[in-house]
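Participant: In the numbering used here, the protein residues as written are 67 to 127. Just so you know, even glycine gets a beta-carbon here, dropped at the ideal spot from N, CA and C.
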């Protein structure tokens, strides 16, 4: 994910490339972490629903 540096002092700074790479990496890890938490929440919700439905006795008409 390369970005062109803006003109000016930031374009001459060698740390800009490293900083951009670190920001991209942080954004990717953050996104993966958020998605993992959402998946765990959904798995827990589904398990709770399955446990509740298994605990209920089946009523026959």
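1) In terms of residues, what are the limits of the alpha helix (DSSP H) holding residue 126?
2) State the DSSP-derived secondary structure class of residue 79, mapped to helix, strand or coil.
3) In angstroms, rounded to a whole number, what distance separates the CA positions of residue 123 and residue 98?
Facilitator: Put simply:
1) That residue, residue 126, is in no alpha helix (DSSP H); it is neither H nor E in DSSP.
2) In the three-state scheme derived from DSSP, where H, G and I count as helix and E and B as strand, residue 79 is classed as coil.
3) 40 Å
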